[in-house]
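Taking this note's numbering as reference, the numbering of the sequence shown is continuous, increasing by one, and the terminal residue is 355.
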Amino acid sequence: MSKGKLRAIKERIESTESTMQITRAMEMVARAKIKKVEKSLAFVREYEAALRKNLSIVSASTDETELFSGEGDVLIVVTADMGLCGAFNSEVLRLADDTLKKEKDGIKAIVTIGNKAEQHFKGSALHFDSFTRFYDIPDADEAAMIWNRVFEIMRKKSASGLKIVYSRFKNPIIQLPVLYEVLPFEADEIPEIKEVYDFEPKSDNLYKELLESWVTSAILLATYETKVGELFARQNAMKNATENAQKMIEQLTLIRNKVRQATITQEIIEVVNGAEALKG
Numbered sequence: 076m077s078k079g080k081l082r083a084i085k086e087r088i089e090s091t092e093s094t095m096q097i098t099r100a101m102e103m104v105a106r107a108k109i110k111k112v113e114k115s116l117a118f119v120r121e122y123e124a125a126l127r128k129n130l131s132i133v134s135a136s137t138d139e140t141e142l143f144s145g146e147g148d149v150l151i152v153v154t155a156d157m158g159l160c161g162a163f164n165s166e167v168l169r170l171a172d173d174t175l176k177k178e179k180d181g182i183k184a185i186v187t188i189g190n191k192a193e194q195h196f197k198g199s200a201l202h203f204d205s206f207t208r209f210y211d212i213p214d215a216d217e218a219a220m221i222w223n224r225v226f227e228i229m230r231k232k233s234a235s236g237l238k239i240v241y242s243r244f245k246n247p248i249i250q251l252p253v254l255y256e257v258l259p260f261e262a263d264e265i266p267e268i269k270e271v272y273d274f275e276p277k278s279d280n281l282y283k284e285l286l287e288s289w290v291t292s293a294i295l296l297a298t299y300e301t302k303v304g305e306l307f308a309r310q311n312a313m314k315n316a317t318e319n320a321q322k323m324i325e326q327l328t329l330i331r332n333k334v335r336q337a338t339i340t341q342e343i344i345e346v347v348n349g350a351e352a353l354k355g
């Protein structure tokens, strides 16, 4: 019986060691990818903020502030393609579901970015398009491609609003799911708006061009924030899994040693009892 128990414990230790090797490798991969994208996130944030500032300035000189006339919104939901990153994806999807409940008939279409979002909404009649396995490191060309598709959907559905649900990266431990109301655009209050500007080309044309560039940058920012947050979430989840596996191995090793000691003790007792029986 003890030998069978020892064999079972040994198999569990080997299985846990194999799992620990996988989680440690995934942690290292996530850490390596973080180095590629974390520094770029600051530049993407600055780029989006600069476009928003310029757009706010130009908007003060034009009456045409909307791309489409109509009612309702298109909702973009951004998640990771993969799991194994804790509650990262589920928290974004929960916010998206809450938004749909609150908006009721206000959401006319859903566009998903990321495999997890597609799986979540693929049965919905509102799900118009998806982009999966689309980016490793997000870039402006991909963001522009997404915006072109969203633009078509907004025109087809006569929607004037655009909202994005994604996970905003705060720090390596905290990623916050947020709802970013992109369109209709609301200009920031900045001192420059009070000044008089002469625009070339005309402010109306310039505004539309800037608006589309800014929306593209907002989509790029959402995908970048999501990618950085995903990698940190996966790194943290795999680190915790590795540490838990190590603790389990230590506990199983202790149990194995106790069983082995008990087996040896039992064998010694049997030998002694046998010797005593022979003497008798």
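Idealized CB from N, CA, C, for every residue including glycine. Values in this document were obtained by computation on a predicted structure and should not be read as measured data.
In the structure shown, Leu159 adopts coil according to DSSP, grouped into three states. Contact check for Ile249 and Val153: beta-carbon distance about 17 angstroms, past the 8 angstroms limit, so the pair fails to qualify. Scanning Lys354, Leu327 and Ala337 for the CA closest to the CA of Glu89 turns up Leu327. Gly145 counts as exposed, since fewer than 16 other beta carbons sit within 10 angstroms of its beta carbon. Beyond the five residues adjoining it in sequence on each side, Ala308 comes within less than 7 angstroms, by CB distance, of Cys160, Gly161, Phe163 and Gln250 in the same chain, given in chain order. Judged by DSSP secondary structure, Ile185 falls within the beta strand (DSSP E) whose first and last residues are Ile182 to Ile188.
Buried is the label assigned to Met313, since at least 16 other Cβ atoms lie within 10 Å of its Cβ. The Cβ neighbour count for Gly198, taken over all protein chains shown within 10 Å, is under 16; the residue is labelled exposed. Here Leu258 is buried, its C-beta having at least 16 other C-beta atoms within 10 Å.
Counting other Cβ atoms within 10 Å of its Cβ, Gly189 reaches 16 or more and is therefore classed as buried. A contact between stretches requires three or more CB pairs, one per stretch, nearer than 8 angstroms, and the stretch 166 to 179 fails this requirement with the stretch 110 to 122. Annotation: the continuous beta strand (DSSP E) that includes Asp204 extends over His202 to Phe206. Cβ neighbours of Glu305 within its own chain (closer than 7 angstroms, five residues either side excluded): Ala155, Cys160 and Phe163. 7 angstroms or more divides the Cβ of Thr174 from the Cβ of Ala320. In the three-state reduction of the DSSP assignment, Lys197 falls in the coil class, being assigned neither a helical nor a strand state.
If you draw a straight line from the Cα of Leu295 to the Cα of Ala215, it is about 6 angstroms long. Per DSSP, the unbroken alpha helix (DSSP H) holding Asp216 starts and ends at Ala215 to Lys232. Partner residues in a beta bridge of Ser165, as assigned by DSSP, do not exist.
With at least 16 other beta carbons inside 10 angstroms of its own, Ser205 counts as buried.
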